[in-house]
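Here you go:
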């Protein structure tokens with residue numbers, strides 16, 4: 003894979019077929035998806051040897067995350083881990099529904115313009131796919147629960163102030179319940195806004 007592979011090809015660990023660095027690659031063109039490039043800092047392993055989620059694992063092998071007892075806000079302080087979860091969201095759920103344009107969303111995230119309720123709901127969905135080390139012996143299926151509960155509490159605080167972010171968060175929470183069990187609750191989230 004070339005050193006300048008697009009985010010989508012890098013996450014799928016496939017060769018990026020771009021004509022010139024920075025152009026939309028052939029895979030993204032054929033799938034009709036956004037083709038974006040995120041340049042890794044020079045002191046991390048090259049994208050050809052590791053995916054974004056394994057960057058985190060390599061840099062923090064011995065530390066481990068205490069997701070079971072920690073506070074959800076601590077994940078946002080781990081900027082590299084939070085971004086890897088967002089990239090995992092787009093690689094695992096971006097083709098299923100089109101709530102967000104990946105390129106625009108990541109740009110807004112870099113500028114701190116994304117609502118926390120949306121961030122936590124996205125990370126709740128994607129954390130199950132993370133290869134980061136966790137201190138707690140939680141199964142991947144249950145890693146997102148604390149993030150889901152935090153996103154739900156943030157959405158409930160906004161109940162009297164409807165917004166686009168609240169609607170998006172409700173949809174993400176419903177998807178979480180549909181994907182990880184709880185179809186009745188998912189219906190309540192979709193009908194509750």
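Residue numbers (the numbering used here): 3 to 195. Glycine included, each C-beta is placed from N, C-alpha and C at the ideal position.
How many angstroms separate the CA atom of residue i from the CA atom of residue j?
i, j, result
"residue 169", "residue 154", "12 angstroms"
"residue 37", "residue 162", "37 angstroms"
"residue 93", "residue 10", "7 angstroms"
"residue 32", "residue 164", "37 angstroms"
"residue 20", "residue 95", "23 angstroms"
"residue 127", "residue 178", "6 angstroms"
"residue 25", "residue 159", "42 angstroms"
"residue 146", "residue 131", "10 angstroms"
"residue 13", "residue 120", "22 angstroms"
"residue 167", "residue 117", "6 angstroms"
From the options, pick the residue whose C-alpha is nearest to that of residue i; which is it?
i, options, result
"residue 175", "159, 151, 163", "151"
"residue 86", "100, 99, 112", "112"
"residue 77", "186, 134, 158", "134"
"residue 90", "183, 173, 26, 15", "15"
"residue 82", "101, 108, 96, 100", "108"
"residue 102", "124, 190, 22", "124"
"residue 34", "183, 144, 104, 110", "104"
"residue 183", "144, 157, 156, 149", "144"
Specify the secondary structure class of residue i as computed by DSSP and reduced to three states.
i, result
"residue 31", "helix"
"residue 152", "helix"
"residue 147", "helix"
"residue 21", "coil"
"residue 37", "coil"
"residue 61", "Low confidence applies here, because residue 61 scores a pLDDT of 40, under 50, leaving its location unreliable and the question unanswered by this model."
"residue 2", "Here the chain covers residues 3 to 195 and nothing more, so residue 2 does not appear."
Does any residue of chain D have a CB that is nearer than 8 angstroms to the CB of residue i?
i, result
"residue 141", "Protein chains in the displayed structure number just one, and chain D is not present."
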